[in-house]
Amino acid sequence: MTPVLVSLAIIFTQLSLLAFGGGNTILPEMQRQVVEVHQWMSAQEFSAMFALAQAAPGPNMMVVTLVGWHVAGWPGVLVTTLAKFGPSSIVTGLALHAWERFKDKPWRVKVQAGLIPMTVGLVAASAALITLATAHEWMLAVITAVVAIAGFRLRIHPLWLLAAGALVGLTGIGQG
Amino acid sequence: MLAPTLPAASPSPSTEATVTPTVMDLFLGFLGLGMIGFGGVLPLAHRLVVEKKHWLNEAEFTDLLGLCQFLPGGNILNLAVAIGMKFHGPRGAMASLFAIIAAPSAVVIALGSIYTRFNGPHLQHMFAGLAAAAAGLLISTALKIAVPIRRKPIAILIACLFFVAIAVLRLPLLPTMAVLIPLSMAVTWRAAR
């Protein structure tokens, strides 16, 4: 393994085990590691990868695959994917038995309630960082704002909002 | 075993009999889920696992989902692992996990190659628009999950502390969690009393 692959493995194993509350909570740490600490890409490139990953089907953490691919090609894909999805899956597998035993314990509900504010804070942080790196021209800021309101207020499938954003972007209006 | 077409007819859903999938059933089921799951996979997972295939009944699904939300990792990935594990141990878990990420990985790498290979101004504009929309969706997600704590000042304060530490101060996640999670637990438990 090259030093880059080792770094990827360490970063994504850590992220895998810290991802309480789902994938979006670790987005800021992922960005900090690959943009600021290792400087493998710009913040803007990271946001573009996040966007591409959102346009793909399946679980919403496919940005992991793209980061691995960008940094180290196919070996990078393999390493980041294994490191990101392996450790948390092993924890899930092992926890399955304990879960059956502690099913009716009241502390379980309380621990879950205690994690909610963290999830809210971390997802809001993800949103802020991705928006700052993305919406740097007025039309892009408009797209972000409209999609944010539409996504919150209306029951529109996210894919339509992404497609609409891509179409408005394609016109080039309001971009440099 | 109940007829697959009559799941709702059962008077007590928690004792409703379920179908045991083979490893191949798990693989194909989650492969399909990975291919169609745009945006949110969870409602589709529920339809597949409970309504269509009857691998789990409603109560079992809710219980497993509770576990998956409680553990690190994406809920839907954990759910795939837990269901695979429940029926066929590590072999089932690996089949389910691999199946659910295989197709999306292929799609995302294809999109990535398009993005890097045909990097003209039109494509750049289009991807800039896509990225802006993805950012907007993330904001809407943050707003939606904030709704349940909107009348809880202490929870809002803790959410703000996390936000400032991570987004403004750019502190590493691990030490931030080590300090703020116990704090969050402590005040949530006190408030619940």
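First to last, the sequence lines map onto chains A and B.
Heads up, the first sequence is in our numbering, so the first residue is 1 and it goes up one at a time.
Heads up, the second sequence is in our numbering, so the first residue is 1 and it goes up one at a time.
Note that CB positions come from ideal geometry on N, CA and C, so glycine has one too.
For residue 108 of chain B, which option in B:35, B:59, B:94 has the closest C-alpha, if you only look at C-alpha atoms? Translated into positions along the second sequence, residue 108 of chain B becomes position 108. Looking at the Cα atoms, B:35 is the closest of the given residues.
Straight-line gap, residue 12 of chain A to residue 81 of chain A (C-alpha atoms, nearest Å): Along the first sequence, one-based indexing puts residue 12 of chain A at 12. Along the first sequence, one-based indexing puts residue 81 of chain A at 81. Distance between the alpha carbons of residue 12 of chain A and residue 81 of chain A: 8 Å.
Spatial distance of residue 8 of chain A from residue 67 of chain B (CA atoms): Taking the first sequence and counting its residues from 1, one reaches residue 8 of chain A at position 8. Taking the second sequence and counting its residues from 1, one reaches residue 67 of chain B at position 67. Answer to the nearest angstrom: the Cα atoms are 28 Å apart.
Just confirm the distance between the C-beta atoms of residue 134 of chain B and residue 50 of chain A, as a whole number of angstroms; I'd bet it's less than 8 Å. Numbered from its first residue, the second sequence carries residue 134 of chain B at position 134. Numbered from its first residue, the first sequence carries residue 50 of chain A at position 50. Confirmed, Cβ separation roughly 6 Å.
Contacts around residue 55 of chain A, its chain only, beta-carbon distance under 6 Å, and the 5 residues preceding and following it disregarded: Here residue 55 of chain A corresponds to residue number 55 of the first sequence, with the count starting at 1. Same-chain partners within the cutoff: 162.
Suppose you measure from the CA of residue 160 of chain B to the CA of residue 143 of chain B; what does that come to, to the nearest Å? By 1-based counting over the second sequence, the position of residue 160 of chain B is 160. By 1-based counting over the second sequence, the position of residue 143 of chain B is 143. Those two C-alpha atoms are separated by around 13 Å.
Please list, in chain order, the residues of the region 101–127 of chain A that have any C-beta partner in chain B closer than 8 Å. Residues 103, 108, 110, 111, 112, 113, 114, 115, 116, 117, 118, 119, 120, 121, 122, 123, 124, 125, 126, 127.
Minimum length 4: unbroken alpha helix (DSSP H) runs contained in the region 30–55 of chain B: Taken in chain order, the unbroken stretches of alpha helix (DSSP H) that lie wholly in the region 30–55 of chain B and span 4 residues or more are 42–46.
For residue 96 of chain A, which option in B:80, B:172, B:57, B:150 has the closest C-alpha, if you only look at C-alpha atoms? The sequence position of residue 96 of chain A within the first sequence is 96, counting from 1. Minimum Cα distance to residue 96 of chain A is reached at B:80.
Is it the case that the region 101–111 of chain A contacts the region 127–141 of chain B, given that we only count it when at least three CB pairs across the two stretches are under 8 Å? Too few Cβ pairs lie closer than 8 Å, so no.
Leaving aside the five residues before and after residue 5 of chain B along the sequence, list all residues of the same chain whose C-beta is less than 8 Å from its C-beta, in chain order. The sequence position of residue 5 of chain B within the second sequence is 5, counting from 1. Annotation note: pLDDT 39 at residue 5 of chain B (below 50); position unreliable, coordinate value reported separately. Cβ neighbours of residue 5 of chain B beyond the five flanking positions: none.
Which residue wins for smallest C-alpha separation from residue 128 of chain B, given the options A:121, A:141, A:26? Residue 128 of chain B sits at position 128 when you count from the first residue of the second sequence. Nearest C-alpha to residue 128 of chain B among A:121, A:141, A:26: A:141.
For residue 70 of chain B, which option in A:151, A:169, A:20, A:36 has the closest C-alpha, if you only look at C-alpha atoms? Working through the second sequence from its first residue, we reach residue 70 of chain B at position 70. The candidate whose alpha carbon is nearest that of residue 70 of chain B is A:20.
Are the CB atoms of residue 64 of chain B and residue 83 of chain B within a distance shorter than 8 Å? As a first step, residue 83 of chain B must be located in the second sequence, where it is residue number 83. As a first step, residue 64 of chain B must be located in the second sequence, where it is residue number 64. Contact flag set, yes.
Can you name the residues of chain A whose CB is closer than 8 Å to the CB of residue 127 of chain B? Position 127 of the second sequence, counted from the start, is the residue given in the question as residue 127 of chain B. Residues of chain A passing the Cβ test: 48, 51, 52, 166, 169.
Please list, in chain order, all residues of the same chain as residue 177 of chain A whose beta carbon is under 6 Å from its beta carbon, the five residues on each side excluded. Beyond the ends of chain A as shown, which are 1 and 176, falls residue 177 of chain A; an answer cannot be given.
According to DSSP, is residue 35 of chain A part of a helix, a strand, or is it coil? In the first sequence, counting from the first residue as 1, residue 35 of chain A sits at position 35. Helix, per DSSP.
What does residue 22 of chain A reach in chain B if we use C-beta pairs closer than 7 Å? For the purposes of this step, residue 22 of chain A is taken as residue 22 along the first sequence, with counting starting at 1. When 7 Å is used as the limit between beta carbons, residue 22 of chain A is near these residues of chain B: 74, 75, in chain order.
Hey, which unbroken runs of the beta strand (DSSP E) at 3 residues or more fall wholly within the region 83–113 of chain A? Listed in chain order, there is nothing to give.
Are the region 116–125 of chain A and the region 146–159 of chain B touching by the rule of at least three beta carbon pairs closer than 8 Å? Segments in contact, yes.
Tell me the rounded alpha-carbon separation between residue 116 of chain B and residue 10 of chain A. Translated into positions along the second sequence, residue 116 of chain B becomes position 116. Translated into positions along the first sequence, residue 10 of chain A becomes position 10. Whole-angstrom Cα-Cα distance: 26 Å.
With a threshold of 8 Å between beta-carbons, can residue 8 of chain B be considered close to chain A, or not? For this step, residue 8 of chain B is matched to residue 8 along the second sequence. With a pLDDT of 43 at residue 8 of chain B, under the threshold of 50, the predicted position of this residue should be treated as unreliable, though the coordinate-derived value follows. No, no contact with chain A.
Could you give the first and the last residue of the continuous alpha helix (DSSP H) run that contains residue 19 of chain B? Start at 1 with the first residue of the second sequence, and residue 19 of chain B comes out as number 19. First-last for residue 19 of chain B: undefined, no H or E at that position.
May I ask which residues mark the beginning and end of the alpha helix (DSSP H) holding residue 156 of chain A? Taking the first residue of the first sequence as position 1, residue 156 of chain A is located at position 156. For residue 156 of chain A, no alpha helix (DSSP H) encloses it, and the DSSP letter there is neither H nor E.
I'd like to know whether the C-beta of residue 29 of chain B is nearer than 8 Å to at least one C-beta of chain A. Against the second sequence, residue 29 of chain B aligns to sequence position 29. For residue 29 of chain B, the answer is no, since every Cβ of chain A falls outside 8 Å of its Cβ.
Proximity of residue 53 of chain B and residue 21 of chain B at Cβ, strictly below 8 Å: In the second sequence, residue 53 of chain B corresponds to position 53, counting from 1. In the second sequence, residue 21 of chain B corresponds to position 21, counting from 1. For residue 53 of chain B and residue 21 of chain B, yes; Cβs fall inside 8 Å.
Residues of chain B with a CB under 7 Å from the CB of residue 99 of chain A: which are they? If you number the first sequence from 1, residue 99 of chain A lands on position 99. Listed along chain B, the residues sitting closer than 7 Å to residue 99 of chain A by beta-carbon distance are 67.
C-beta contact flag for residue 117 of chain A and residue 74 of chain B at 8 Å: For the purposes of this step, residue 117 of chain A is taken as the residue at position 117 of the first sequence. For the purposes of this step, residue 74 of chain B is taken as the residue at position 74 of the second sequence. Between residue 117 of chain A and residue 74 of chain B, the gap from beta carbon to beta carbon reaches 8 Å or more.
Residue 91 of chain B and residue 49 of chain B - do their beta-carbons sit closer together than 8 Å? In the second sequence, the residue the question calls residue 49 of chain B occupies position 49. In the second sequence, the residue the question calls residue 91 of chain B occupies position 91. No, Cβ-Cβ distance for residue 49 of chain B and residue 91 of chain B is not below 8 Å.
For residue 99 of chain B and residue 37 of chain A, I'd like the C-alpha separation in whole angstroms. As a working mapping, residue 99 of chain B is identified with position 99 in the second sequence. As a working mapping, residue 37 of chain A is identified with position 37 in the first sequence. Taken atom to atom, the span from the alpha-carbon of residue 99 of chain B to that of residue 37 of chain A is near 33 Å.
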